[in-house]
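A.B. asks: Protein chains in written order, with the UniProt record's numbering: chain A, 1 to 106; chain B, 1 to 261; chain C, 1 to 150. Ideal placement from N, C-alpha and C gives every residue a C-beta, glycine not left out. Just so we're clear, the structure is a prediction, and the values are computed from it rather than from any experiment. Below is a structure I'd like to ask you about.
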Amino acid sequence: MSVLISNLELLPDRKIIKQLGLVQGSTVRSKHVGRDIMAGLKNVFGGELKGYTELLEDSRAEALRRMQAQAEAIGANAVINVRFSTSSVAQGASEIFVYGTAVLVE
Amino acid sequence: MTSPDDYEPLQENPQLPETINAPKVSIVHELWLLSAGVLATFLLLAVMVWLSLGWLAQFIPLSWEDRLIQPVAQSWQTDATEQAQLQQRIDQLLVRSEYSDLSVQVHILSSSELNAFATLGGQIFVTEGLLSALESEVGLDFVLLHELAHLVHRDPIRAAASQLGVRLLTALAIGQSDLGAPTAWLQSTELLLSRHYSREQEIRADDFAFTMLQRVYGDVEGYDEFFVTLLEQGDTDRFPAFLSTHPHTQYRLDRLRQRLD
Amino acid sequence: MEVLFTLASFLLLMILGYLFGSFAERRHYQSIWTREAQYRHIVVVNQRFPREKNVRGTQLVMGSVVISVDYFKRFLATLRTLVGGPLNSYESLLDRARREAILRLQAEAEQLHSTRVYNLRFETSSISLGQNDRIGSIEVLAYGTALIQE
C-alpha cells in the first residue's frame with residue numbers, strides 16, 4: 001500500500017483518524033562533471049538545463065520515497081501538508097528535502 | 001477554515017528508523033572506489049592528450065618554432081673556432097644527406113659528460129666531453145645525424161606540445177581556475193629545452209642516422225663509437241628499460257649491429 | 001620536495017578529518033538520541049490549524065544550527081561531483097543538522113512549558129563560501145509556533 005501524499009492541510013475526501021507526527025525525506029545528489037560542463041555552455045545561450053532538471057526530478061522522487069518509508073514505518077497511510085525545499089550544499093551538488101505530517105486516514 | 005475531522009491528537013513524537021535519510025555506508029570504501037575510477041580516467045585522458053598533441057605538433061610551421069626559441073637562443077651565441085668547425089660539419093652533412101633546407105645551429109656545452117641533444121628551433125647541443133671522447137669522424141657524424149633525425153622528425157616540438165597538454169590537463173583536474181602555472185611554464189626555458197623523447201623516437205632517430213651514414217659514406221664502419229665509448233665508461237642504466245625514456249645503450253647497439261648483418 | 005610536502009599535508013588532513021569527523025558524528029548521534037527521547041512529549045508537526053481548545057497564548061520558537069563538513073567528506077564530495085550520483089556522506093550531515101535544529105526548537109518550547117509546536121518550517125542555506133567557492137558550512141533553521149496551554 002502506498003502512502004498518500006498531499007500538500008493540503010486536510011484531505012476533503014478522507015477522514016483523518018490519527019495524527020502520527022513529522023516525517024522527512026532528504027537526498028543529496030550530484031551530476032557528473034561532463035553534464036556540468038554542458039550546463040556551463042548552456043548558460044551562455046540560455047534554455048533548459050535538461051541534465052539538471054533530470055537530476056532534481058530524480059532527487060525529488062528519492063526524497064519522497066524516503067519520506068514515505070518513514071511514514072510507513074510509523075504506521076501512517078498519508079502525509080499531509082507536504083513542503084519541498086532545495087538547497088545547494090556543495091559545488092555541483094544539491095539537496096532536496098521534503099517534509100510533512102504523517103496521519104492515518106480512513 | 002475549520003476541519004470537520006476530529007482526530008486523535010499526537011501524544012509524543014514518533015520514533016523514526018535511523019537509516020532512511022542517512023544510509024549507513026562505508027565512506028572509506030567509497031573513497032577507494034572513487035579515487036581509483038577518477039585516477040584511471042585521468043590517466044587515460046592524459047595518454048590521449050599526449051599522443052594526439054604529439055601527432056598534431058608536427059604540423060606546426062618551422063618558423064613558429066624558431067620564433068619561440070629565438071629570444072633564448074640569442075644568449076647561446078659564441079664564435080669559438082671549434083664551434084664554427086662543428087657548424088660547418090653539420091652543414092656539410094645536411095647537404096650530403098639531402099636535408100639542406102633545414103636550418104640547424106650547433107652549440108658546444110662545457111661539460112665533461114658524454115651527451116648531445118637536439119631541441120626546438122633546430123638547435124643542437126654537443127658537450128665538450130663528447131667531442132674529445134669521439135676520435136673518428138664517422139663516430140661523431142653518427143651522433144650528429146642522430147640529433148638531426150630528431151629535428152627532421154620534429155621530435156622537440158612534439159615532446160613540448162605533449163608535455164604542455166598534460167600539464168594543462170593536470171592544472172584543470174586539480175581545479176586551478178587560473179592557468180598561471182602552465183602558462184609560465186610555456187615561457188620557461190624548461191619547455192624550450194625539453195628533450196625527453198620516447199623510446200620509439202630514439203630508435204627511429206638511430207635508424208635514420210644509420211641510413212644517412214650509409215648514404216653519406218657508403219660504408220658505416222665505426223658508426224658505433226659513441227655507444228662503445230659510453231659502455232666502456234660504465235654507462236649503467238639506473239632504471240629498468242620500461243621506466244626509462246631512453247632505451248638502454250646495449251639494446252640500441254645490438255639493434256644496429258643486427259641491422260648491419 | 002614541495003610536492004611531497006603538499007602530499008603529506010593532504011594525507012594528514014584526510015586522516016585527521018576522517019578520525020575527528022567520524023568521532024564527532026558518533027558523539028552527535030548519541031546526544032541526539034538521548035535528547036530526542038527527553039523531548040519526545042513536545043510534539044512538533046507542520047500542520048497549520050491546531051485543534052487544542054484550552055490555548056492561553058502562542059509564541060514563535062526557533063532552533064538553528066550551523067554545521068560544517070570535515071576535510072575527508074569534502075574531498076569525497078569533490079570526487080563524487082566528478083562522477084555524479086548520491087553524496088551519502090553529506091546526507092548524514094544534513095540529517096544531524098535538521099534533527100539538532102528541531103531539538104533546539106523543542107528546548108525553547110520547553111522553556112515556555114509548551115508541549116505543542118505547530119506549523120513547523122525549515123530553512124536550509126549555505127552560509128559561508130570556502131576556498132575556491134566550495135561551500136563549507138550549512139545552516140539549518142527550524143521554526144514554528146508553540147501553543148501555551150492552560
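Going along chain C in order, which residues have a C-beta closer than 7 Å to the C-beta of E12(B)?
C.D. replies: Neighbourhood of E12(B) in chain C, by CB distance below 7 Å: R40, H41 and V43, in chain order.
A.B. asks: Between T101(A), G25(A) and A93(A), which has its C-alpha nearest N7(A)'s C-alpha?
C.D. replies: T101(A)
A.B. asks: Check this for me: beta carbons of R40(C) and I148(C), under 8 Å apart or not?
C.D. replies: no
A.B. asks: Please report the Cβ distance between S97(B) and R215(B), rounded to the nearest whole angstrom; I am assuming they are in contact, meaning their Cβ atoms lie under 8 Å.
C.D. replies: The pair is a contact, with the Cβ atoms about 6 Å apart (cut-off 8 Å).
A.B. asks: Count the C-beta pairs between the stretch 97-109 of chain C and the stretch 40-52 of chain A that are closer than 8 Å, then say yes if the count reaches three, no if not.
C.D. replies: no
A.B. asks: Give a yes or no on whether 8 Å exceeds the smallest Cβ distance from F49(C) to chain A.
C.D. replies: yes
A.B. asks: Would you call the CB atoms of T27(A) and I96(A) closer than 8 Å?
C.D. replies: yes
A.B. asks: Can you find a CB in chain A that lies within less than 8 Å of the CB of L94(C)?
C.D. replies: yes
A.B. asks: To test your reading of the DSSP string, which unbroken beta strand (DSSP E) runs of 3 or more residues are found completely within the stretch 29-89 of chain B?
C.D. replies: none
A.B. asks: Output the residue ranges of the beta strand (DSSP E) runs that lie fully inside the stretch 88-132 of chain C and measure 3 residues or longer, sorted by chain position.
C.D. replies: 116-129
A.B. asks: Only counting the same chain, and skipping five residues up and downstream in sequence, which positions put a Cβ closer than 7 Å to that of V166(B)?
C.D. replies: A46, V49 and W50
A.B. asks: Identify whether V140(C) lies in helix, strand or coil by the three-state DSSP scheme.
C.D. replies: strand
A.B. asks: By how many angstroms is the C-alpha of L68(B) removed from the C-alpha of S94(A)?
C.D. replies: 47 Å
A.B. asks: Given V220(B), which residues of its chain have a CB within under 6 Å of its CB, disregarding the five upstream and five downstream residues?
C.D. replies: L213 and Q214
A.B. asks: Please list the residues of the stretch 25-46 of chain B that have a C-beta atom closer than 7 Å to any C-beta atom in chain C, keeping them in chain order.
C.D. replies: V25, I27, E30, L31, L34, S35, G37 and V38
A.B. asks: Does the beta-carbon distance from Q59(C) to E9(A) come in below 8 Å?
C.D. replies: For the 8 Å CB-CB criterion, Q59(C) and E9(A) do not form a contact.
A.B. asks: Suppose the cutoff is 7 Å on Cβ atoms and the five residues either side in sequence are ignored; what does the same chain contact list for N77(A) look like?
C.D. replies: M1, V3, L4, L104 and V105
A.B. asks: Output, in sequence order along the chain, the residues in the stretch 37-55 of chain A whose CB is closer than 8 Å to any CB in chain D.
C.D. replies: Judged by its chain identifiers, the structure shown contains no chain D, and its protein chains are A, B and C.
A.B. asks: Given a cut-off of 8 Å, decide if F125(B) and L145(B) are closer than it, judged by their beta-carbon atoms.
C.D. replies: Cβ distance not < 8 Å, so L145(B) and F125(B) don't count as in contact.
A.B. asks: Determine, using beta carbons only, whether L87(C) and S30(A) come nearer to each other than 8 Å.
C.D. replies: yes
A.B. asks: Does DSSP put L151(B) in a helix, a strand or coil?
C.D. replies: Residue state for L151(B) is assigned as helix, using DSSP reduced to three classes.
A.B. asks: With 9 Å as the limit, tell me which residues of the stretch 94-127 of chain B have their beta carbon closer than that to any beta carbon of chain A; keep them in chain order.
C.D. replies: So the list is empty, because no residue satisfies the distance condition.
A.B. asks: How is the alpha helix (DSSP H) around G129(B) delimited, first residue to last?
C.D. replies: E128 to A133
A.B. asks: Looking at chain B, is there any beta carbon in it that lies within less than 8 Å of the beta carbon of L82(C)?
C.D. replies: yes
A.B. asks: Could you name the residues of the same chain whose beta carbon sits closer than 7 Å to that of A63(A), not counting the 5 residues immediately before and after it, in chain order?
C.D. replies: G25, S26, T27, I96, F97 and V98
A.B. asks: For A71(A), which three-state DSSP category applies?
C.D. replies: helix
A.B. asks: Using 8 Å for Cβ pairs, my map puts D57(B) next to A149(B). What's the rounded Cβ distance?
C.D. replies: Looking at the sequence provided, one finds Ala at residue 57(B) rather than Asp. With 8 Å as the limit, A57(B) and A149(B) do not qualify as a contact, their Cβ atoms being about 16 Å apart.
A.B. asks: Count the other CB atoms, across all protein chains shown, that sit within 10 Å of the CB of F210(B); report buried if there are 16 or more and exposed otherwise.
C.D. replies: buried
A.B. asks: Of the choices K24(B), H29(B) and P61(B), whose alpha-carbon is the least far from that of R154(B)?
C.D. replies: Ranking the options by Cα distance to R154(B), first place goes to P61(B).
A.B. asks: E91(C) touches chain B at which residues, Cβ-Cβ below 8 Å?
C.D. replies: N21, A22 and P23
A.B. asks: Going by Cα to Cα distance, which pick from A171(B), Q163(B), L168(B) and G122(B) is closest to V152(B)?
C.D. replies: For the options A171(B), Q163(B), L168(B) and G122(B), the alpha carbon positioned closest to that of V152(B) is the one of G122(B).
A.B. asks: Considering just the uninterrupted stretch of the alpha helix (DSSP H) at F75(C), what are its terminal residues?
C.D. replies: Y71 to V83
A.B. asks: For F53(B), count neighbouring C-beta atoms within 10 Å of its own C-beta (all shown protein chains included) and say buried if the count is 16 or more, exposed if not.
C.D. replies: One point to set straight first is that residue 53(B) is Leu, not Phe, in the sequence displayed. L53(B) is buried by the Cβ-count criterion.
A.B. asks: Quick one: list the residues of chain B neighbouring L20(A), beta-carbon separation under 8 Å, in chain order.
C.D. replies: L10 and P14
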